[in-house]
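Worksheet: the structure to be examined is printed underneath.
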Amino acid sequence: MSATAMSLRNGWRGLAFIAIPVMAITIFLFYPAALSIIGTLVHPKDGGGYTFSLQSYVFFFTDGYSLANLARTLWTTVVTLILLIAVTLPIALYMRFTKGPLATVIQALALFPMFVPGIIICYALIRYMGPNGWLQSLLSLVGFHHYASPHLTPWGPVIGLMWDGMPLTLLILISGLSNISNASIEAARDVGAGRLRILVSIITPEITHSLLIVSALNFLGIFGQALMPFMLGPTNPEMMGPFMLRTFSSVRDPLQASTQATITFLICSLAGVAYVRSIARRPQEDRK
Amino acid sequence: MSTLELENVSKQFGTMAALEPLALRIADGELVCLLGPSGSGKSTLLRIIGGFEMPTGGKVLIDGADVARTPPEKRPTAMVFQSHALWGHMTVEGNIGFGLKLRGLKKPEIAAKVDAALRLVGLAEYGKRHPAQLSGGQRQRVAIARCLVLEPKILLMDEPFASLDQHLRDRLREEVRQIQRKLGITTVFVTHGQDEALSIADRIAVMSMGRIEQVGTPAEIYTHPQTPFVAGFIGDMNMMKTTVQGGAALIGGVRFDAPMADGEALIAVRPEDVTLMPSRDGEGARVRRIVNYGAVLKIEAEAADGAVWKVQTLKDVPVTEGGFYRPTVSRHIVFRDDRVVHRVDPT
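Chain order of the listed sequences is H and S.
The working numbering numbers the first residue of the first sequence as 2 and each following residue consecutively.
The working numbering numbers the first residue of the second sequence as 221 and each following residue consecutively.
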């Protein structure tokens, strides 16, 4: 068999190998998603035929409640993301540059939420930080009686989403930090850099790729969340997840729910594009 | 103009002594190699000089000032790491200029110094590149330039060429030697390669098991090893255990002078100090292997008493495998209790 024929045969085998997952994604994801998006733009006319209309989008962007929900979702996403990185980066740095039993214990604690289902986290947080919860009782014991529970406030979903997102964030950051050699840190110290300078000028630029992945993945996960905001957050304004759910199932307005979903999808796709670009660019940089 | 003195420097990792208390004085502009096998403590000692490890005891004096407790960023030293340790997100210029920036130099001054450093290591055209776009040798030159641009009092090099191929290693070694001589910078160079140490060093400190076994010029270390470890570690050596009786020892049909009390001893003979003279079959030592290295032949010959001679001779000496030869030795050292007790040296 000639090399060309063999190459062609291998090519077809490769295509056959990926055909089933590609078909599954197309049939169960892209097709219904495309139908929903088209359904928000093209509407059936009375008496047959279709008409193109942006009416549902006009409604969304002129409706104060919808816009407040979108703003709340963006606020929750950005605040959670910033806090998540602010909390996990020091832990990741500690775990990367410290050896010993304490680092192992911290790692186990930080990764623990990964093995707890979201609904359990929600109930646990309600029992812990909710009104008359354990935290309030503990604070009362030490004489603090002015506890204001974050449950059902904008901070409720932030805390829950941080809990939920911490393990994956930590794993990605540790993976990024593990690529920084001890020698490059020592070389920076050797030329006169202090700890803060090393963090700012050496470590942070070296883990930009990991930070970008962490930001993109968490943005996608947080923005579209329904469970945590539903269980822990306020209802007015609310995040897009519970808003879509309520519009679809309680208000029974599938067109507006699809419009909300499309807007959510378009915003998330920006983070998706950043993630894909980051993934695609990395191997090219490595090949340089 | 800087000197480095180590006074009773020791290092303990838990219960393990990585360095026994040791002393070493390195003169201004001198290049000293710390040479030893893995685990001998040479890198630990270098890291102590650089400030990356704190000594358990002792002083590290640079120009008379003790810096043993000073962090690396405040020491007048600069280290070239084995793995280059360049920062991938910075250009070559960025890597070299980073330390100058930290010292608060103005941009034009940084640019001028970086340019000079790049010229010194022969990479004047490579300033805008990133480390990933350079070869291994070029990266190591950048690492050297990054150190030299800071004009440190002491330059530390931790097996800098270990990851390079032999040809490049030889070339860079020469270049580093020339730069070091030109700048007159006091340098400590860690290596486990004896060829590297012998070719580059003004003096060599041979280390073993956390101790400095011997310090001397390459010639001294090679021709006058003070301990059996140094004798066996540097170059090829016939190391033969024997028993001294009546001021002499007999090994493989060769009589060695050993004016000392009767008892066990170790005799060391360099292969090039052994000459093979043709003898009758069954007498002397039988040549069992000849390896041709081009300019020289390396020969293994086994005597009747089981002693195996390693011999090095010029290629045009007529020796054949399976032939019998009588070994004669021009120079030997007798060790007892890890010390030289007798030396026969015609020079």
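Even for Gly, the Cβ is constructed at its ideal location relative to N, Cα and C.
Just so you know, these numbers come straight off a predicted model, no measurement behind them.
Rounded to the nearest angstrom, what separates W307(S) and P114(H) at their Cα positions?
As a working mapping, residue 307(S) is identified with position 87 in the second sequence. As a working mapping, residue 114(H) is identified with position 113 in the first sequence. The alpha-carbon atoms of W307(S) and P114(H) are separated by roughly 35 Å.
May I have the straight-line CA-CA distance separating G502(S) from R551(S), to the nearest angstrom?
Reading the second sequence from its first residue, position 282 is the one you call residue 502(S). Reading the second sequence from its first residue, position 331 is the one you call residue 551(S). If you take the alpha carbons of G502(S) and R551(S), they lie about 25 Å apart.
Answer with yes or no whether the minimum CB distance from P292(S) to chain H is below 7 Å.
To locate residue 292(S), count along the second sequence from 1; it is residue 72. Taking Cβ atoms only, chain H reaches closer than 7 Å to P292(S), which makes this a yes.
Leaving out five residues before and five after L256(H) in sequence, what residues of the same chain have Cβ atoms less than 6 Å from its Cβ?
Position 255 of the first sequence, counting from 1, holds the residue named residue 256(H). Cβ within range, chain order: S57.
Answer with yes or no whether the minimum CB distance from G234(S) to chain H is below 7 Å.
Walking along the second sequence from the start, residue 234(S) turns up at place 14. So no, G234(S) is outside the interface.
Would you say the region 279-287 of chain S touches the region 222-237 of chain S, given that touching needs at least three Cβ pairs under 8 Å?
Short answer: they touch.
Hey, how far is the Cα of S176(H) from the Cα of G413(S)?
The residue given as residue 176(H) occupies position 175 in the first sequence. The residue given as residue 413(S) occupies position 193 in the second sequence. Looking at the two C-alpha atoms, the distance is approximately 35 Å.
Assign A337(S) to one of two classes, buried (16 or more other C-beta atoms within 10 Å of its C-beta) or exposed (fewer than that).
The sequence position of residue 337(S) within the second sequence is 117, counting from 1. With 16 or more other Cβ atoms within 10 Å, it is buried.
Look at the Cβ atom of H562(S), then the Cβ atom of A488(S), and state whether they are nearer than 7 Å.
The sequence position of residue 562(S) within the second sequence is 342, counting from 1. The sequence position of residue 488(S) within the second sequence is 268, counting from 1. Result no, Cβ atoms of H562(S) and A488(S) do not sit closer than 7 Å.
Please state whether DSSP places L55(H) in a helix, a strand or coil.
Here residue 55(H) refers to the residue found at position 54 when the first sequence is read from its first residue. If DSSP states are grouped into helix, strand and coil, L55(H) belongs with coil.
Is the region 358-371 of chain S close to the region 285-294 of chain S, with three or more CB pairs under 8 Å?
The answer is no - the region 285-294 of chain S does not touch the region 358-371 of chain S, with fewer than three Cβ pairs under 8 Å.
Since G195(H) meets chain S, which of its residues come closer than 8 Å, beta carbon to beta carbon?
Here residue 195(H) corresponds to residue number 194 of the first sequence, with the count starting at 1. The contacting residues are E293.
Using the beta-carbon count (16 or more within 10 Å), is R401(S) buried or exposed?
The residue given as residue 401(S) occupies position 181 in the second sequence. Per the 10 Å Cβ criterion, exposed.
Go through its chain and collect everything with a Cβ distance to F476(S)'s Cβ below 8 Å, but skip five positions before and after it.
Counting from one through the second sequence, the residue named residue 476(S) turns up at place 256. Taken in chain order, the residues that qualify are T462, A468, A469, L470, I487, V549, H552, V554, V564.
Scan the region 266-284 of chain S for residues whose Cβ lies nearer than 9 Å to a Cβ of chain H and list them as they occur along the chain.
Listed in sequence order: R267, G270, G271, F272.
So E541(S) packs on R500(S), CB below 8 Å; how close in whole Å?
Here residue 541(S) corresponds to residue number 321 of the second sequence, with the count starting at 1. Here residue 500(S) corresponds to residue number 280 of the second sequence, with the count starting at 1. That belief does not hold up - the Cβ atoms of E541(S) and R500(S) are roughly 17 Å apart, past 8 Å.
How long is the line joining the alpha carbons of P284(H) and Y276(H), rounded to whole angstroms?
Against the first sequence, residue 284(H) aligns to sequence position 283. Against the first sequence, residue 276(H) aligns to sequence position 275. For P284(H), the predicted structure reports a pLDDT of 48, less than 50, and the residue's modelled location is therefore unreliable. The matter cannot be settled from this model.
What does the alpha-carbon distance come out to for the pair V300(S) and I246(S)?
On the second sequence, position 80 is the one that residue 300(S) refers to. On the second sequence, position 26 is the one that residue 246(S) refers to. Their backbone Cα atoms lie some 18 Å apart in a straight line.
Please return the same chain residues whose Cβ sits closer than 6 Å to the Cβ of R546(S), not counting the five positions on each side in sequence.
Translated into positions along the second sequence, residue 546(S) becomes position 326. Taken in chain order, the residues that qualify are M497, S499, G504.
Taking CB distances under 7 Å as the criterion, tell me whether A305(S) reaches chain H.
Here residue 305(S) is taken as the residue at index 85 of the second sequence, counted from 1. Yes, contact with chain H.
Quick check on this structure: which residue in V426(S), Y513(S), V396(S) has the alpha carbon closest to the alpha carbon of R361(S)?
Here residue 361(S) corresponds to residue number 141 of the second sequence, with the count starting at 1. Ranking the options by Cα distance to R361(S), first place goes to V396(S).
Out of T5(H), T77(H), T27(H), I19(H), which has the shortest C-alpha to C-alpha gap to F224(H)?
Locating residue 224(H) in the first sequence gives position 223, where the first residue counts as 1. Per the Cα distances, T77(H).
Which residue marks the beginning of the beta strand (DSSP E) containing F381(S), and which one marks its end?
Translated into the one-based positions of the second sequence, residue 381(S) becomes position 161. First-last for F381(S): undefined, no H or E at that position.
Looking at the structure shown, is G430(S) part of a helix, part of a strand, or coil, going by DSSP?
For the purposes of this step, residue 430(S) is identified with residue 210 of the second sequence, where counting begins at 1. Looking at G430(S) - three-state DSSP - the assignment turns out to be coil, as it is neither helix nor strand.
Return helix, strand or coil for T99(H), following the three-state DSSP convention.
Here the question's residue 99(H) lines up with position 98 in the first sequence. T99(H): coil per DSSP, three-state reduction.
Using alpha carbons as the reference points, say which of T411(S), F233(S), E433(S), G234(S) lies closest to L244(S).
For the purposes of this step, residue 244(S) is taken as residue 24 along the second sequence, with counting starting at 1. Nearest option by C-alpha distance: E433(S).
P448(S) lies in the beta strand (DSSP E); which residues open and close that run?
Here residue 448(S) is taken as the residue at index 228 of the second sequence, counted from 1. Not the beta strand (DSSP E): P448(S) falls in the alpha helix (DSSP H), residues 448-453.
Tell me, please, whether the CB atom of S179(H) is closer than 7 Å to any CB atom in chain S?
Position 178 of the first sequence, counted from the first residue, corresponds to residue 179(H). With 7 Å as the cut-off, S179(H) does not count as an interface residue toward chain S.
With which residues is V229(S) paired in a DSSP beta bridge?
The sequence position of residue 229(S) within the second sequence is 9, counting from 1. Answer by DSSP bridge pairing, in chain order: L242(S).
According to DSSP, is L228(H) part of a helix, a strand, or is it coil?
Looking up residue 228(H) in the first sequence gives position 227. The answer is helix: DSSP assigns L228(H) an H, G or I state.
Residues bridged to H350(S) by DSSP?
The residue given as residue 350(S) occupies position 130 in the second sequence. DSSP, once it has assigned bridges, lists no residue as partnering H350(S).
Using 8 Å as the Cβ pair cut-off and three pairs as the minimum, do the region 207-219 of chain H and the region 234-254 of chain H touch?
Not touching, per the Cβ criterion.
Taking 7 Å as the CB-CB cut-off, is R559(S) touching chain H?
Working through the second sequence from its first residue, we reach residue 559(S) at position 339. Chain H contact via Cβ: absent.
Going by other Cβ atoms of all chains shown within 10 Å of its Cβ, with 16 needed for buried, is K333(S) buried or exposed?
Mapped onto the second sequence, residue 333(S) falls at position 113. Buried is the call here.
Determine the closest residue to R389(S) out of E371(S), P372(S), E416(S), with distance taken between C-alpha atoms.
If you number the second sequence from 1, residue 389(S) lands on position 169. With distances taken between Cα atoms, R389(S) lies closest to E416(S).
If you compare alpha carbons, which of D536(S), A527(S), R391(S), D525(S) is closest to G514(S)?
Residue numbering aside, residue 514(S) sits at position 294 when the second sequence is read from its first letter. Here the closest residue by C-alpha is D536(S).
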